[in-house]
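Please read the structure below before turning to the comments.
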Amino acid sequence: MSIEKVVFSALAGRGVVGGRLLLTEERQRIKELEEAYSRTSTPWGKPVNFGVMECLKRRYVLAALTSPHFKWPRGPYALVKVGETVVGYIDESGFSLNAKALAGAKGDHELVILPLRLPELEDLVDEPVAASPSPPTHRYLADLLGCKNGCGSLLVAFNGVRQLLTKRDAYKE
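According to the numbering used here, the sequence shown is numbered sequentially starting from 6.
Written as structure tokens, this is what we have:
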């Protein structure tokens, strides 16, 4: 079984329905889209997708399609920062704001999108990380993978395979 199929099989119970390994030029396009998006503004400040950038540092980067019933891992998913002060976060319970920290904070407002941890991958691959892409990157991935309405997207990245695959398994379809 290929690396991609092993990873996608491990994540199927979470609602990952398919995807593939990204090519170098596709990874570059994602980097460009995320950098352009980081120059925009959201209600919480300038978006910085740290999760996607962490994925792009890995040797293997997979683009995954998710079902509408995708089971998100535990959060936090994003931090709201003013200057260097974290004033809020987004997790599985929703948005939480620390009004006292916000009142005393000074500086630029940022929404830092964090890497995601998928426990299913910890014993399979080295240095696994996942990320929720920005809206422009999601549209790019959905188009690239032939997604119809209602699917989500996710980047899944790692540096190598931890669980040894036999040569026979590596070439099975």
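Every residue, glycine too, gets a C-beta built ideally from N, C-alpha and C. It should be emphasised that the depicted structure is a prediction, and the values quoted were computed from it without experimental measurement.
Going by DSSP, E37 is part of the alpha helix (DSSP H) stretching over T29 to Y42. Taking the Cβ atoms as the reference, F75 lies roughly 26 Å from G165, outside the contact range of under 8 Å. Separation of the CB atoms of S158 and A68 is rounded to 7 Å, and the pair is thereby assigned contact status at 8 Å. With contacts defined as CB atoms closer than 8 Å, G50 and H114 qualify as a contacting pair. With fewer than 16 other CB atoms across the displayed protein chains lying within 10 angstroms of its CB, P140 is exposed. Secondary structure note for P141: its alpha helix (DSSP H) is the uninterrupted segment P140 to L150.
Per the DSSP secondary-structure output, F163 pairs in a beta bridge with Y65. Between S101 and the set L84, W77, Q33 and I8, the nearest pair of CA atoms involves L84. Within the model, the alpha-carbon separation for R167 versus L129 is close to 5 Å.
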